[in-house]
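Worksheet: the structure to be examined is printed underneath.
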Amino acid sequence: MASLYLPPGYDFDAQHDGTEHLAINNTWLRRFLTRLALHTAAKFYSRDGLCIPISKHKIVKTGIRTHLTEGATLKYLEENTSIPVPKVFCSFLHKNRAYIVMERIQGDELPTALNVLSPEALEGLFLQLRKFIQELRALKPPTTGVESCVGGSLFDSRIPRGNPRFGPFTTIQNFHFWLRDDLKPEDLQDQKRDQDWHDLQKMMDRQDGPCPPPVFTHGDLNPFNILVREGKVVGIIDWEFSGWYPHYWEYTSAWFGNITRLEWQSKLDKFLDRPPLEDFEMEKVRNKWWGEC
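Residues are numbered in the working numbering as their position in the sequence shown, beginning at 1, plus a constant of 25.
Right, here's the structure in full:
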């Protein structure tokens with residue numbers, strides 16, 4: 026069976042429309058000092074992807090995919106949980122580009138800790154992670170839909186159709202329908218003898234069935250987004266993929282998003298609840314046809 030989906034062209038022009046209210050501490054002076062630091066102090070530090078250090082304790086996240094929603098998410102988590110996330114000093118739009126000035130958390134990425142900590146210390150670290158995930162799960166969803174923490178659009182670079190952003194969706198079933206490029210069972214009637222048809226039919230039956238309420242989800246729990254210092258988790262970073270998602274999304278995103286990191290996959294059960302097998306198989310089929318590969 027041929028691939029069922031061709032991604033559309035990218036369009037970044039309007040992604041920030043109507044989001045100015047999400048800015049934090051958005052004063053002329055802060056905007057000026059941030060842009061000045063990017064042209065002066067930033068030259069003394071090594072850039073790390075979208076994050077540009079401007080001092081020992083501050084970084085600026087900016088780029089064509091950076092969105093004020095991430096800053097609003099960090100503020101929401103700081104106010105409603107004890108999860109260690111970067112503190113946001115300010116965020117703003119300038120020439121249709123978002124800038125988020127945030128804390129530069131001092132710590133090692135988790136892979137470094139995995140190589141040096143004792144088995145007992147690692148168990149304690151994963152217990153910490155489980156506690157933080159439980160705090161996320163305790164947050165009450167504002168609606169039954171799939172949306173950002175502010176009720177708006179979402180971002181996930183692993184979903185080709187979702188560039189630059191997608192959603193929100195009023196129900197999880199609507200989200201599922203969009204994920205499969207609006208495919209309906211009747212669209213595959215002439216493929217009934219194909220094994221792929223049976224897999225897709227099972228996937229659609231599961232996607233269209235009843236679902237538990239959405240849960241707040243990081244969406245990209247890879248080991249490089251977890252910072253450790255002295256055997257403790259001191260930071261969980263890169264919340265740009267986060268939002269209210271189906272209950273299985275955290276686990277399946279961490280699993281399929283780290284398909285080459287077998288050791289990390291083997292650690293997921295230490296801090297995440299494994300979803301039902303039916304949901305895992307459903308996501309396996311979806312990723313085969315509509316994933317990033």
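Heads up, the beta-carbon is just placed ideally off N, CA and C, and yes, glycines get one too.
| Query | Result |
| --- | --- |
| What's the gap between the Cα of Y35 and the Cα of G187? | A caution first: Y35 carries a pLDDT of 43, below 50, which makes its placement in the model unreliable, though a value can still be read off. Between Y35 and G187, the C-alpha separation is close to 9 Å. |
| Taking the C-alpha atoms as reference points, what is the distance between F151 and D230? | 35 Å |
| Which whole runs of the beta strand (DSSP E) in the segment 61–148 are 3 residues long or more, in chain order? | 76–78, 83–87, 113–119, 122–128 |
| By how many angstroms is the C-alpha of P301 removed from the C-alpha of L29? | Residue placement at L29 is flagged as unreliable, the pLDDT there being 36, under the threshold of 50; the coordinate-derived value follows with that caveat. So the alpha carbons of these two residues sit roughly 26 Å apart. |
| Which class does W315 belong to by DSSP, given the choice of helix, strand or coil? | helix |
| Tell me the DSSP secondary structure of F305 in three-state form. | helix |
| Mapping the DSSP letters down to three states, classify L47 as helix, strand or coil. | helix |
| I'd like to check one pair, R205 with E317: are the Cβ atoms closer than 7 Å? | no |
| Do V259 and P109 have their C-beta atoms closer together than 7 Å? | yes |
| I need the straight-line Cα distance from F202 to Y70, nearest angstrom please. | 45 Å |
| When every heavy atom of the ligand SAH is checked, does at least one fall within less than 6 Å of the C-beta of S178? | Inclusion of the ligand SAH in the displayed structure is not the case, the ligand content being empty and no account of it being possible. |
| In three-state terms, what does DSSP make of W269? | strand |
| Taking 7 Å as the cut-off, decide whether the C-beta atoms of G170 and F194 are in contact. | yes |
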